[in-house]
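Okay, so here's the structure we're looking at.
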Amino acid sequence: MTYETVIDPETGQVAVLAEVEPWMEELFPRDPLAFARAPLEYLPFRYVGTLASAQGLLVICSATRERDEKRWIHVSMSRRRRLPSYDDMCLVKNQFLGANRLAVQVFARAQHHVNINPYVLHLWSCLDGDPVPDFRHEGQI
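The sequence shown begins at 407 in this note's numbering and counts up by one.
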């Protein structure tokens, strides 16, 4: 798979893009409830918030087969002057990944941490099984 790095001229956000495979086209909503699709030539799955609950929120979706040979969806969300809130993350997760899909936020080891834009958060979801163990215990989460 080929990768390319591009910069969004509106936000300055850097994106690493993989070629779009046919299965990816079916993953992302055409008209999510609180967002409008606002694609750029190099960011085909780009959305901007339109309703009050999502105003000012930019979402970029991608998907690729990772080193584990599983297909993963990646969703990034950003605001211009602050980090997205927990409510923002829940809204994006539900609208772009689905309420019943497991999503994870990764905190990388210090030596692997990259922060190109301080106001971007990321979620990942595996399409090929649940790679995360069930951490629930009786009487707890």
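Glycine included, each C-beta is placed from N, C-alpha and C at the ideal position.
Mind checking which residues open and close the alpha helix (DSSP H) that includes residue i?
i, result
"LEU503", "Unbroken run through LEU503: none, as it is neither H nor E."
"VAL498", "492 to 498"
In this structure, does DSSP put residue i in helix, strand or coil?
i, result
"VAL481", "strand"
"HIS518", "helix"
"ARG444", "Looking at the sequence shown, residue 444 is not Arg but Ala. ALA444 falls in the coil class under three-state DSSP."
"PHE541", "coil"
Just the C-alpha distance for residue i and residue j, rounded to the nearest angstrom, thanks.
i, j, result
"VAL481", "PHE541", "23 Å"
"SER491", "VAL465", "13 Å"
"VAL538", "ASN523", "27 Å"
"ILE479", "VAL512", "13 Å"
Identify every residue that forms a DSSP beta bridge with residue i.
i, result
"ARG452", "ILE466"
"SER531", "ILE479"
"VAL510", "TRP530"
"ARG473", "Its beta-bridge partners do not exist; DSSP assigns none."
Kindly give me the distance between the Cβ atoms of residue i and residue j, rounded to whole angstroms, as I take these residues to be in contact under 8 Å.
i, j, result
"ARG485", "TYR453", "With 8 Å as the limit, ARG485 and TYR453 do not qualify as a contact, their Cβ atoms being about 14 Å apart."
Got a sec: is the Cβ-Cβ distance from residue i to anything in chain C below 8 Å?
i, result
"SER491", "Looking at the structure shown, chain C is missing, and only one protein chain is on hand."
Closer than 7 Å: is that where the CB of residue i sits relative to any heavy atom of the ligand SAM?
i, result
"PHE451", "This structure simply doesn't include the ligand SAM, nor any ligand for that matter."
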